[in-house]
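Visitor:
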Amino acid sequence: MKSLDVLMPVEGMGLIGDLIGARLPVHRLWLEPNPDLWLAEWGPRIRAIAVAGHIRADEAYMRRFPSLEIISSFGVGYDHIDAKAAARLGIIVTNTPGVLDDEVADTALGLMLMAVRQLPQAERYLRAGLWPKGAYPLTPSLRGRTVGIVGLGRIGKAIATRVSGFGLDIVYHGRHAQTDVPYRYYPSLVEMAKASDILIIVAPGGPSTRHIVNAEVLEALGPEGVLINIARGSLVDEKALIGALRTGKILAAGLDVYENEPNVPAELIALPNAVLLPHVGSASVKTRQAMAECVAENILAWADGKPPLTPVPETPWQGRWGKDG
Ligand code: 8YV
7 MKSLDVLMPV EGMGLIGDLI GARLPVHRLW LEPNPDLWLA EWGPRIRAIA VAGHIRADEA
67 YMRRFPSLEI ISSFGVGYDH IDAKAAARLG IIVTNTPGVL DDEVADTALG LMLMAVRQLP
127 QAERYLRAGL WPKGAYPLTP SLRGRTVGIV GLGRIGKAIA TRVSGFGLDI VYHGRHAQTD
187 VPYRYYPSLV EMAKASDILI IVAPGGPSTR HIVNAEVLEA LGPEGVLINI ARGSLVDEKA
247 LIGALRTGKI LAAGLDVYEN EPNVPAELIA LPNAVLLPHV GSASVKTRQA MAECVAENIL
307 AWADGKPPLT PVPETPWQGR WGKDG
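Converting from the sequence shown to my numbering requires adding 6 to each position, the first position being numbered 1.
1) Using the Cα positions of L277 and A289, report the straight-line distance between them to the nearest angstrom.
2) Let me check understanding here. Comparing Cα to Cα, which of V32, S240, D108, A46 lies closest to P213?
3) Going straight from the alpha carbon of E129 to that of L148, what length do you get?
4) If you draw a straight line from the C-alpha of W335 to the C-alpha of P15, how long is it?
5) Just how far apart, CA to CA, sit Q324 and I97?
6) Is there contact between the segment 299-306 and the segment 8-28, where contact requires at least three CB pairs shorter than 8 Å?
7) Give the straight-line distance between the Cα atoms of D330 and P314, rounded to the nearest whole angstrom.
8) For my contact list, V196 and A226 are in at a C-beta cut-off of 8 Å; report their separation, rounded to the angstrom.
9) Check whether the Cβ of S288 sits closer than 6 Å to any heavy atom of the ligand 8YV, and report yes or no.
10) Residue range of the alpha helix (DSSP H) that N304 falls in?
11) Shorter than 6 Å, the distance from the beta carbon of V99 to the closest heavy atom of the ligand 8YV, or not?
12) Measuring only the C-alpha atoms, how far is A46 from Y67?
13) Roughly how many angstroms lie between the CA atoms of V270 and A183, to the nearest whole one?
14) Check whether the Cβ of G81 lies closer than 6 Å to any heavy atom of the ligand 8YV, and answer yes or no.
15) Below 6 Å CB to CB, which residues in the same chain sit around L261 once its five sequence neighbours on both sides are set aside?
16) Could you round the C-beta distance between H33 and V12 to whole angstroms and report it? I think they count as a contact, below 8 Å.
17) Is the separation between the beta-carbon of K90 and that of E303 shorter than 7 Å?
18) Using only the alpha-carbon positions, how far apart do S73 and A221 sit?
19) According to the neighbour-count rule (16 or more other Cβ atoms, all chains shown, within 10 Å of its Cβ), is T185 buried or exposed?
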């Protein structure tokens, strides 16, 4: 194993530092009294970074580490890392795909049920002691609805499997039609929104998907329509969504992600027809442990002179070794 100095810029699951630290020197930047001074001295020696929280790793950030070989990121989405810049600089980026698909798909289905059947509102009704005064009002139904999935990747497919178990029709939108799926493809998101009753957003974040769910899409979804977002807040124009929920342009929304986390607009919190979760899609003990192990295993494999386990498509493994290897 090569000796590899690993930087953890922000505090994340302790397990990540523990697993890496058992075999390699780990530097926990948040414990340094003067991080900038520390980086000026140590930056050139750092060859691996374990990103546990969502720091912004753009080109300028990566250039602070001239010996950097690998960034191992916690989470499947990596829109906080400029992976194209990493590719130019010869830095491998890894994420944690696969291990969280089912957990996030479970959360999406939970949000869909909560938003359509008003389950959180009904529960609050009981706790407020209102049941003896009368039954909770009848709610909209999932029955007979068509679900439009935006982004039919691994998590999108895990959601589709569950949605078909619910007996609902499925259509999808993404960059390309897929030949091996039984669902109808819509190249236009607006057209799919017109044909759907529920939109579930599962596509990656980043500049190319920013605000793809805009006022026009919400208008197309219509007054019985429901929006579920478990991907990234950046995909949805939050102001347009608040307007659509407030004026009844759509029926309801179930959100796990927001444009400016962890800050959620007061206008959204005030809306009775929005079910709001604090980005917990993958947040079970079991799944977060598997993600932490994946972050550590990528760095430990690299230190052993092995290929990275889960490189992102922008920085594929091409058989090259570390910068001095
Ligand atoms: C992250 C997520 O792990 O995987 C993703 O893309 O959004 C979550 O599962 C979470 O944001 C941790 O910071």
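For every residue, glycine included, the Cβ atom is placed at its ideal position computed from N, Cα and C.
Guide: Looking at the atomic coordinates:
1) 25 Å
2) S240
3) 19 Å
4) A query on residue 335 cannot be resolved here, the shown segment of the chain reaching from 7 to 331 and no further.
5) 12 Å
6) yes
7) With a pLDDT of 47 at D330, under the threshold of 50, the modelled position of that residue is not reliable, and no figure is offered here.
8) 5 Å
9) yes
10) 291-309
11) no
12) 12 Å
13) 34 Å
14) yes
15) N235, L282
16) 7 Å
17) no
18) 45 Å
19) exposed
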